[in-house]
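Notes for the one structure printed next.
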Amino acid sequence: MLSLSIPLVTTLLLGSTQVQKALAFIECSVLNYGAVADNKTDLGPALTKAWQECVIPQVTTTVASDVLLYVPAGNYLLESTVTFDDAANWNLHIAGDIFLPFNPSLTGTMLTFENCENILLNGPGAIYGNGYRYRPGGDLTLYPSRPRLIRFQNCNDCEITAVTLYDAPMFHVTVIGNSNEAHDMSIIASHIGETDGFDMSGNNNYVHDVTVENGGKHECVTVKTPTNGFVAERITCRYTGGCNIGSFGSGTTGVDVQNVYYSDVTISNSDAGVMIKSYPNCAGTVKNITYTGFTLSAAAYPIYISAFWEGGTTDTGTLQISDVTFENFQGTGTPTRPAVLLDCNKATPCKDITFSDIVLSDTKANSFANACGSGLSGLSGC
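Note that the sequence shown covers residues -24 to -1, 1 to 358 in mature numbering (1 follows the signal peptide of the UniProt record, and there is no 0).
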């Protein structure tokens, strides 16, 4: 009988031929650190222990998939938050299904990667948030501090893919950092609200080939400040609040969002198509934004720029929105709202808002205030 040496090198002698096979990765299974696939035992401590005792000591390369923090197939309960601080160069591989409990005192973010570099989070498993239980009867105020699912905070060169997220109590994925990528995954939530899909900020982030269904007024794939360089492609949004920039909190100064590109987006049965949304007392810059190749079906507010989106009518802001292009939009809106609504600050009107190939039906007439550009009848030139 042959003796196989694992995990380094396995030598097989087949006749006179010698074959060497190197193990491609190191696996740190949570089952070896206290996890039980019984949907009763808290997975949180096992994740932390496996990371600290197995993953960290064995990270020796900059290839994230060389070391796996592994959640095998099975059902797991996650009833405590986990933070991976100063994490770098490893893979959280979720093959099982993770379930959040209903716990009114549970708050924070369930999985946080902080100050991290080159982290891969992938499936084929899923996380079930049981969010509908935190918003009974559609009441969004009963548990205002309910938990979020995943957050990358001050992280660069990270990737999330092939994991399915179901019904977060609050938001699903928040990414703050540079050169991160989310792709080939789905988010599916109850049609209640306050369950953003992807909230992205930082420089040169990329979201592509994702599907989001989350209900009501909340985001599909959205850009927050500050951002310089963002691309979203091949996005499907169902029952969402659209693909947006903002909103920016009341009184926010120093808004800085530029060089944003959305392409090949399908939006259906949603409260909006695309929006740039703010309060009337914000200040800063939003510029060089392109939305192209949108197919809309029953999308309220198909194209909407508003300095007054989230309350207030006193126009004291100086948010400068300029060089925004909308091209190749087709489909339907809703009969009670305009296809295009531009409502900008008086002190800093929206400038160089360009439209081409906009074919939207089942809407009210377009409406423009404090905006100039080209491509639509009634829109003043700059």
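From the three backbone atoms N, C-alpha and C, an ideal C-beta is built for every residue, glycine too. Computed from a predicted structure; not experimentally measured.
Next item on the list: Return the chain-ordered list of same chain residues with a C-beta closer than 8 angstroms to the C-beta of Leu116, the five sequence neighbours on each side being excluded.
Entry: Ile168, Gly169 and Glu170
Note to self: For Ser356, count the other beta carbons within 10 Å of its own beta carbon; 16 or more makes it buried, fewer makes it exposed. Which is it?
What the structure shows: exposed
Next item on the list: Can you tell me the Cβ-Cβ gap for Thr330 and Ser350, rounded? I've got them flagged as a contact below 8 angstroms.
Entry: 5 angstroms
Next item on the list: Determine the direct distance from the alpha carbon of Lys253 to that of Leu76, and round the result to whole angstroms.
Entry: 32 angstroms
Next item on the list: Figure out for me which residue from Asp247, Ile279, Gly178 and Val186 has the closest Cα to the Cα of Ile136.
Entry: Val186
Next item on the list: My understanding is that Val47 touches Ile70, with C-beta atoms under 8 angstroms, so please give their C-beta distance in whole angstroms.
Entry: 5 angstroms
Next item on the list: Take every Cβ of the region 234 to 249, pair it with every Cβ of the region 269 to 286, and state whether three or more of those distances are shorter than 8 angstroms.
Entry: yes
Next item on the list: Using three-state DSSP, classify Gly101 as helix, strand or coil.
Entry: coil
Margin query: Give me, in chain order, the residues of the same chain whose beta-carbon lies closer than 6 angstroms to that of Phe78; leave out the 5 immediate sequence neighbours on both sides.
Written below: Asn106 and Arg109
Notebook entry, point to check: In three-state DSSP terms, what is Trp27?
Noted result: helix
Notebook entry, point to check: Relative to the C-alpha of Ser162, which residue among Asn154, Asn156, Val149 and Ser155 is closest?
Noted result: Val149
Next item on the list: Out of Tyr277, Ala49, Ala26 and Tyr52, state which residue places its alpha-carbon closest to the alpha-carbon of Phe60.
Entry: Ala26
Check: Got a sec, what are the start and stop residues for the beta strand (DSSP E) Ala49 sits in?
Finding: Element bounds for Ala49: n/a, residue is neither H nor E.
Notebook entry, point to check: Tell me which same chain residues have a C-beta within less than 6 angstroms of the C-beta of Asn132, skipping the five on either side of it?
Noted result: Glu93, Gly153, Asn154 and Ser155
Checklist line | Inter-residue CB distance, Asn342 and Pro314 (contact presumed, cutoff 8 angstroms) | finding: 5 angstroms
Notebook entry, point to check: Three-state secondary structure (DSSP) at Thr107?
Noted result: The sequence given here places Gly at residue 107; Thr does not occur at that position. Three-state DSSP puts Gly107 in a helix.
Next item on the list: Look at the alpha carbon of Val262 and the alpha carbon of Gly178, and state the distance between them as a whole number of angstroms.
Entry: 14 angstroms
Note to self: Counting C-beta neighbours from all protein chains within 10 Å, is the total for Thr130 16 or more, i.e. buried, or is it exposed?
What the structure shows: In the sequence as displayed, the identity of residue 130 is Asn instead of Thr. Asn130 comes out exposed.
Check: So Glu209 is in the beta strand (DSSP E); what residue range does that whole segment cover?
Finding: Val197 to Arg214
Notebook entry, point to check: By Cβ distance below 6 angstroms, which residues in the same chain neighbour Gly227 in space, the five residues on each side in sequence not counted?
Noted result: Asn257
Notebook entry, point to check: Would Tyr255 pass as a contact of Thr301 if the rule is Cβ separation under 8 angstroms?
Noted result: no
Check: Three-state secondary structure (DSSP) at Gly113?
Finding: helix
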